Every structure is written in structure tokens, then in C-alpha cells.
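The sequence shown begins at 765 in my numbering and counts up one residue at a time.
Okay, structure first, notes after.
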Amino acid sequence: MSRDTQLLPSVVQSIGNTPLVELSRLTCNLPGRLLVKLEYLNPGLSKKDRIARQIMEDAEADGALQPGQTVVELTSGNTGTGLAIVCGVKGYPFVAVMSKGNSSERARMMRALGAEVVLVDQLPGSPPGQVSGGDLELVEQETQRIVKARGAFRADQFHHRGNFRAHYLHTGPEILRQAGMPLDAFCDFVGTGGTFAGCAAALKEANPATQCYVVEPEGAAVLAGEPATNPNHRIQGGGYSMSDLEFVKPEYVDGYIQVGDEEAIRVARRLAKEEGVLAGFSSGANVAAALRLLQGPCKGKTVVTLINDSGLKYLSTDLYE
Ligand SMILES: Cc1ncc(COP(=O)(O)O)c(C=O)c1O
């Protein structure tokens, strides 16, 4: 389905079907091809619009969500923005609970879209812009309190199957259709792991030889079995040092790649300058990991990854100076 040939009944139906683009400038000295899915072109400027729509539609269908019921979610901003859009269009009140460590654009964007935003203080000593697993634990406690107090539906992105299904049913199959060729490898920076697992399941179903790599921050690569020595990394949206992620099953994982803050930032800047793709930290990490695959185990192969969200969400940071 093309994005531009139909009149859509609401902005919710414009979620997904994002372009798949080859980055041939960044790879000009490398054998192999790098394909990226431009998820920042979703209406909330991130891939998380997809799971917002899927979780809400699944919960409406199975009766977990009642008409007019308040929806609550713990978010680093992107899932909350997606839910603010979907809840706004469908007529559900929405409360986003977020750490103060996430960039301020995110809270403003959610409020503009009609959400109530509850900001939770970071742990003493946690630097702004660097949300750790410990900071997230405080956000979790506040989320649980609000859900109980308001008799709300919790979107629950770390556990709700709609997160996996959004990518298994849509993102993965879209990549396969758009690429029109067998894919050798896929990599993705993991937060909940919904994107990684959903895409890996779909890609491996089509071609069991596709190698799928989990991307984690250097010093917080707990899925790879490393100790969390740097939980306060700068790659917002994931790398929470959680070793037990429901969606990330061992059969999806062929390897682990670690990317440092500096490398993620350097590649994000190159993406903007050389490819015209203005993206966030985690997209820089994804492309950095993909470039490493092309230089090493996937020399001469085709690697796919995602541009997770827009660089506009980070203008208050030093990502783009
Ligand atoms: C910018 C960004 N990158 C990466 C991720 C991780 O995606 P997932 O939760 O599907 O693992 C998120 C999740 O919120 C995100 O907002």
C-alpha cells in the first residue's frame, strides 16, 4: 500500500508504510548495501506510533480497553507521543509518565497532542539526558500508582503483545516487500525489544539465514551478558540494562553489537550531513552498528536497520550543534 495515493479517514491510518531507503553515500567505500526504514516519517515522528496503534486496536478488540477509559503509559516520549495521537483521535484520555531525564521536546509534544504528562525526578546524581534503569524504576512505581488510582488501562509496552505484533505484522513484512531481495542481516538498538523481536521473527520466517543483531550501548550491554558499568549512557530510548526482556527470545538473536555514545553521535551527524536524514541518538547507534557489520561479518552483504525517530526531538541537546 502506498502512503500517498489514498484519502485516509484519520491520521491513525497514516501510521506505518514508511519508505525504505538505501544509504549509498555512507557506504561508498564499503562492499555491501545498507537499507534503512525511515520511521521518523510517522505522524508522531517515531516508530513507536506503530505500537501505540496496535496495542490500542488489540485492546479494543479483546475488551481489555473500555470506551472512554483512561490510558496510562510509562514512556521515554516516543510511545507516549504515539499514544497521545491514537488516544486523541479515538477519544480516550491519556496520561504519559516520563523521567525528567528525557529531552523536554518530548513532554511538550505530548502535551500539545492533548496528553497529561507526569514527569518523575531522576535518582540523585543521575544526569539529565541519561535515563538509567534505576531512573526507569522510579517511573514504573509512579505509573503503577496512577493506573490504580484512575482505574486505567496500561498500554504496557514492555509486556503487551501488540508491541511485538506491530513489527511482526507490519514493519518486518514491509521491509521484505520493499527490499524485494533476500536480506542478509538486520540490527536494532533495543529498548523494550519489541521492534527487534517482531522484525527478526518476520525476517527469519521469510529467510531463516537472515542474521539478527541486538544493538546495545557500550557499558550497558546486559543482553550480551556484560556488566552494566555505564548505565547513564546518552542513547535515549533503550539500553536500560534490563537483562530480562520478554520479547527478545534467544532464537531471534545471532549476535550483539555495542555502540558508544560518541560513535552514535558521530554517525547521527554523518547521517544528517551526508544522507539528509535528521535522526536521533538511537538511529545513529543503529547505523553505526550496521556499518560495523558491513566492515566485518557482513562484508558484501545487505544489512537493514531502522531510523527510529526524528532529530527534531533532540534540538535541546548537543546532538546537533
Ligand atoms: C528513539 C528510540 N529508539 C529505540 C527505541 C527502542 O525500541 P524498542 O522498544 O522497540 O526496543 C525506542 C523505544 O522507545 C525509542 O524511543
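A virtual CB, placed ideally from N, CA and C, is assigned to each residue, including glycine.
This structure is a prediction, so every number in the text was calculated from the model and none was measured.
| Asked | Found |
| --- | --- |
| Residues near residue 907 by beta carbon distance below 8 Å, same chain, minus five either side | 836, 837, 838, 861, 918 |
| In DSSP terms, what residue 950 is bridged to | 976, 1068 |
| Those runs of the alpha helix (DSSP H) which lie wholly inside the segment 798–869 and span at least 4 residues | 812–826, 842–854 |
| Extent of the continuous alpha helix (DSSP H) run through residue 1027 | 1025–1039 |
| Segment contact flag, the segment 998–1007 with the segment 897–907, C-beta cutoff 8 Å, min 3 pairs | yes |
| Alpha helix (DSSP H) runs contained entirely in the segment 896–945, provided each spans 4 or more residues | 897–914, 925–930, 936–943 |
| Length of the line joining the Cα atoms of residue 826 and residue 926 | 12 Å |
| Beta-carbon proximity list for residue 766, same chain, < 6 Å, skipping 5 on both sides | Any reading at residue 766 is ruled out, since the residue's pLDDT is 45, under 50, leaving its predicted position unreliable. |
| 6 Å Cβ shell around residue 823 - same chain, five flanking residues per side excluded | 829 |
| Three-state secondary structure (DSSP) of residue 776 | helix |
| Check whether residue 948 and residue 963 have beta carbons under 8 Å apart | no |
| Closer than 7 Å: residue 954 CB and nearest ligand 1 heavy atom | yes |
| Under 8 Å between C-beta atoms of residue 1044 and residue 1078 | yes |
| Check: residue 890 C-beta below 7 Å from any heavy atom of ligand 1 | no |
| Close Cβ partners of residue 782 (< 6 Å) along its chain, the five nearest in sequence each way excluded | 801, 802, 803, 805 |
| Proximal residues to residue 874 (C-beta, below 6 Å), its chain only, five neighbours per side dropped | 844, 845, 848, 860, 881 |
| When 779, 967, 1082 are compared against residue 1029, the one with the closest alpha-carbon | 1082 |
| Cβ-Cβ distance between residue 965 and residue 936 below 8 Å | yes |
| Assigned exposure category for residue 771 - 16 Cβ within 10 Å defines buried | exposed |
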